Amino acid sequence: MTASPKIYFAPFQGITTHLFREVYARHFSGVDKLFTPYFSNFEVGCKLPLKQMTALKNQSENGVEVVPQVLSKSAGEILWLAKCCEELGFKELNWNLGCPYPQVAKKKRGSGLLPYPEMVDEILEKVFREINIAFSIKCRLGYASADELDALIPVFNRFSISELTLHARIGKQLYSGQPDLDAFAEAISLIKAPLAYNGDIFTPEDWHHFSERYPSIQLLMLGRGILRNPFLPAQIKGLALPDNPQAIVYQFVDELYHAIRHQRNDNPSVLNAMKEYWSYLCEFFDEPLRVFRKIRKSKNFRDFEEAVADIFDSLYHRQFLI
Ligand SMILES: Cc1cc2nc3c(=O)[nH]c(=O)nc-3n(C[C@H](O)[C@H](O)[C@H](O)COP(=O)(O)O)c2cc1C
């Protein structure tokens, strides 16, 4: 029997919005921190725009701490957001050194900064001189090669980074291929900051195998695993699950849908947002492709509502993957 880890809900740009975090935390247990998708392109010295203020409205959701994330290669920008977050009552800011998308990486942002340890060092030097809240990092093993981590670890170790989450892939992989557990394992004893693992933990069994192999890792960031199965954190922690999991998931998606419709004044873009989330949630059902096909086909709100009702009615008595 392995000890249960602290579990962090990974950020997903466009999905884990403040509404999503709020509705999720009301229905499901087991998560210890919720990370916001990254903030970028804000003007230093100016009040944060309304959209970003709204996204930073709550410092916790149903008792679960929210951690804002920044994507930047400018110490000035990072410190500015840190100051705004401090004033709003947040305790931690997370730095995104993991975003793999070429349009971001080629500007030396996200995982695109990993091949430049001297730049990372310079930024951290300036940030740690002034920051008043905890500063954590989410990164990958490197951008083009996992060897890049060798030069980054001594840089990270010079600063009191509150936690370091390592997604065990390189940037160039995007989300394909397997996490490189050997490279992750090499880093475990070398990194001074508390280390969180991230990458492809989709079931409680995945976690049990992982933690048997790496028992010292007690911080776990889950991403697509939670999008696919919102009960995953509770299952990993061995918490009691409701007798009617599918009804809880139904309530959750129904509330989320209506909240997003309300926020966007019934703009048709709501359908795209819901379809994106359902591209993960369909895995909760035992016929994911069939489920997603129903959702994908919907052209308007009525179609969508009928598809959701149909999925929960017709699949209600089938075996759920929990
Ligand atoms: C659509 C999408 C959006 C994402 N947005 C962010 C983001 O804003 N910040 C971040 O650090 N990671 C982001 N990620 C990466 C996830 O947080 C996570 O690290 C990744 O999915 C690997 O974890 P998993 O295997 O548990 O899903 C995103 C991933 C996807 C697929």
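Counting the sequence shown from 1 gives a position; my numbering is that position plus 3.
Don't be surprised by glycine CBs; every beta carbon is placed ideally from N, CA and C.
Only a predicted model underlies this, so the values are computations on that prediction, with no experimental measurement involved.
Any non-hydrogen atom of ligand 1 closer than 7 Å to residue i Cβ
i, result
"ILE164", "no"
"ARG267", "no"
"LEU225", "yes"
"PRO14", "yes"
"ASN201", "yes"
"GLN181", "no"
"GLN221", "no"
"CYS102", "yes"
"TYR41", "yes"
"GLN176", "no"
"GLY17", "yes"
"LYS141", "yes"
"HIS170", "yes"
"ILE204", "yes"
"GLY115", "no"
"GLY228", "yes"
"GLN72", "yes"
Residue i - DSSP class collapsed to helix/strand/coil
i, result
"TYR104", "coil"
"ALA250", "helix"
"SER260", "The sequence given here has Tyr at residue 260, not Ser. TYR260 falls in the helix class under three-state DSSP."
"PHE138", "strand"
"ARG305", "helix"
"VAL69", "strand"
"GLU64", "strand"
"GLY113", "helix"
"ALA276", "helix"
"GLY174", "helix"
"LEU167", "strand"
"TYR3", "The requested residue 3 does not occur in the structure, where the chain is confined to residues 4 to 325."
"ARG24", "helix"
"ALA310", "helix"
"GLY226", "coil"
"LYS297", "helix"
"ALA384", "Only positions 4 to 325 of the chain appear in this structure, which leaves residue 384 out of reach."
"ILE194", "coil"
"GLU290", "coil"
"ARG143", "strand"
"ALA85", "helix"
"ALA149", "coil"
"ASN201", "strand"
"GLU208", "helix"
Short Cβ contact (8 Å threshold) for residue i with residue j
i, j, result
"LEU244", "ALA237", "yes"
"CYS87", "TYR41", "no"
"ALA108", "TYR146", "yes"
"ILE186", "ILE156", "This sequence places Ala at residue 186; Ile is not what is there. Cβ atoms of ALA186 and ILE156: not closer than 8 Å."
"PHE31", "ALA13", "no"
"ILE314", "LYS297", "yes"
"VAL73", "LEU84", "yes"
"PRO71", "PHE93", "yes"
"LEU144", "ASP203", "no"
"GLU64", "GLU25", "yes"
"PHE159", "ALA188", "no"
"LEU230", "TYR280", "yes"
"ARG112", "LYS54", "no"
"LEU22", "GLN221", "no"
"ILE136", "GLU80", "no"
"ILE164", "ILE126", "no"
"ILE134", "ALA149", "no"
"LEU235", "GLY241", "no"
Contact test: residue i Cβ vs ligand 2 heavy atom, cutoff 7 Å
i, result
"ASN99", "Ligand 2 is absent from the structure shown, which contains only ligand 1."
8 Å Cβ cutoff, residue i in contact with chain C
i, result
"PRO182", "This model lacks chain C altogether, as it is built from one protein chain only."
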